[in-house]
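As numbered in my numbering, residues 38 to 106 make up the sequence shown, in order.
Where is the CB? At the ideal position from N, CA and C, for every residue including glycine.
Worksheet for the structure shown next.
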Amino acid sequence: MVAPLAAADGTEPLLLEYVLGVLGSTGGRAALPAVERFPRHPHPGVRREAADAVKERRRRLRPDREGTA
């Protein structure tokens, strides 16, 4: 799911919002670089989901959170 997202420049914004939300909740370490490209997307909903996903991914990857990531 991450590889196609990395090249998703022409993807429908609603689909991007959905995928970014899923990756924020469930994606692994590989998701973070792809998700980090979207906080500057022209569509406000995509920017919001991307920012939330980055925040969630970073929170889950913190070393002080045992049993997550």
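Quiz prompt | Buried or exposed (CB count within 10 angstroms, at least 16 for buried), A67 | solution = As a working mapping, residue 67 is identified with position 30 in the sequence shown. Residue environment analysis places A67 among the exposed positions, since fewer than 16 neighbouring C-beta atoms fall within 10 angstroms of its C-beta.
Exercise. Give me the Cα-Cα distance between P76 and G47, rounded to the nearest whole angstrom.
Key: For this step, residue 76 is matched to residue 39 along the sequence shown. For this step, residue 47 is matched to residue 10 along the sequence shown. When rounded, the distance between both Cα atoms is 16 Å.
Exercise. If I'm right that L65 touches D89 with Cβ under 8 Å, what's the distance once you round it to whole angstroms?
Key: Counting from one through the sequence shown, the residue named residue 65 turns up at place 28. Counting from one through the sequence shown, the residue named residue 89 turns up at place 52. According to the sequence displayed, residue 65 carries Gly and not Leu. So it is not a contact: roughly 17 Å between Cβ atoms.
Practice problem: Could you have a look at T48 and say whether DSSP puts it in helix, strand or coil? | Solution: Position 11 of the sequence shown, counted from the first residue, corresponds to residue 48. When secondary structure is reduced to three states using DSSP, T48 falls in the coil class, being assigned neither helix nor strand.
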